[in-house]
């Protein structure tokens, strides 16, 4: 399964929904939820509205609320900057609550990339492990219960064939096996 | 996040570190977790959850892996100022069956 990197806008919507505990894309509903006791939604919600050029609509929802002035000030600063939203957020102090969604988005993308790299390295490590232990790929599949086609493809570099948890389980199982004596390894090499 | 989610994150970071090649064969590094995350790992949390994980100490080689996760932070210098003298002798290891990370939290009853 290909790893899909979300756009910043896509991430903001998911972020707002998670913080609000509601699967809605309605700015009005999300704002209402924020007001009712989920204030962490306020900042990413404004960013989402800015992405969609609907900050005017959100400002109407915010009239009379505790965030109206902050919303107005942030929106004005953003428009005055003339920068794209992500660039504008980069100019904010690290501790700014409006910057946190950007940091979280970048962290999530970095995590997905790291995950892909780790899986590739697990595949390399598994291949080395089989050689060290003197285990054939077929035997490894029998021991770990893995599908041969998926395992062989994973070892060849198709990281999509095994989930991370399955790959790690296989690695842990095979790693705990005793290494075969050198004479057995020579025998296997001779007969392969 | 609850305890299971925290452990899952720690094990994932541990795997990333182990397979990254930044550590030598057989090398392990320790990290010290404080705050609500530590209580969670010690089964002492009344809430059963934490918003983030405060990492008091971690080697430079593994810090980027920890801080890659937005839920981990190392901004608890003020907390360290409140810890007793030689608190490093009063920590305990949490066994999570990890490959490279040794995870420590404060031991209960450190005044004894």
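Protein chains in written order, with this note's numbering: chain A, 1195 to 1386; chain B, 2 to 113.
The beta-carbon is built from N, C-alpha and C at its ideal position, and this holds for glycine as well.
query                                                                                                                                                                                                                               : result
What's the gap between the Cα of residue 1380(A) and the Cα of residue 1323(A)?                                                                                                                                                     : Note on residue 1380(A): pLDDT 46, under 50, position unreliable in the model; the coordinate value appears next. The alpha-carbon atoms of residue 1380(A) and residue 1323(A) are separated by roughly 16 Å.
Considering only their Cβ atoms, is the gap separating residue 57(B) from residue 33(B) smaller than 8 Å?                                                                                                                           : yes
Please confirm if residue 1315(A) has its CB atom under 8 Å from at least one CB of chain B.                                                                                                                                        : yes
Count the other C-beta atoms from every protein chain shown that fall within 10 angstroms of the C-beta of residue 86(B), then say buried if there are 16 or more, exposed otherwise.                                               : exposed
Rounded to the nearest angstrom, what separates residue 1342(A) and residue 1348(A) at their Cα positions?                                                                                                                          : 10 Å
Kindly list, in the order they appear in chain A, the residues whose Cβ is closer than 7 Å to that of residue 17(B).                                                                                                                : 1308, 1312
If the criterion is Cβ atoms closer than 8 Å, does the pair residue 105(B) and residue 16(B) meet it?                                                                                                                               : no
Could you tell me whether the Cβ of residue 88(B) comes closer than 8 Å to any Cβ of chain A?                                                                                                                                       : no
In the DSSP assignment, what are the bridge partners of residue 94(B)?                                                                                                                                                              : 105(B)
When you compare the CB positions of residue 69(B) and residue 1216(A), do they come within less than 8 Å of one another, or not?                                                                                                   : no
Does residue 71(B) have its Cβ less than 8 Å from a Cβ in chain E?                                                                                                                                                                  : Note that chain E does not occur in the displayed structure, where the protein chains are A and B.
Nearest-angstrom Cα distance between residue 1244(A) and residue 1373(A)?                                                                                                                                                           : 59 Å
Using 8 Å as the cut-off, can you tell me whether the stretch 1361-1370 of chain A makes contact with the stretch 1273-1286 of chain A, which would need three or more C-beta pairs spanning the two stretches below that distance? : no
Alpha carbon to alpha carbon, how far is residue 49(B) from residue 1274(A)?                                                                                                                                                        : 44 Å
Report the option in 1268(A), 1230(A), 1312(A), 1205(A) whose CA atom is closest to the CA atom of residue 1240(A).                                                                                                                 : 1268(A)
So for residue 50(B), helix, strand or coil by DSSP?                                                                                                                                                                                : coil
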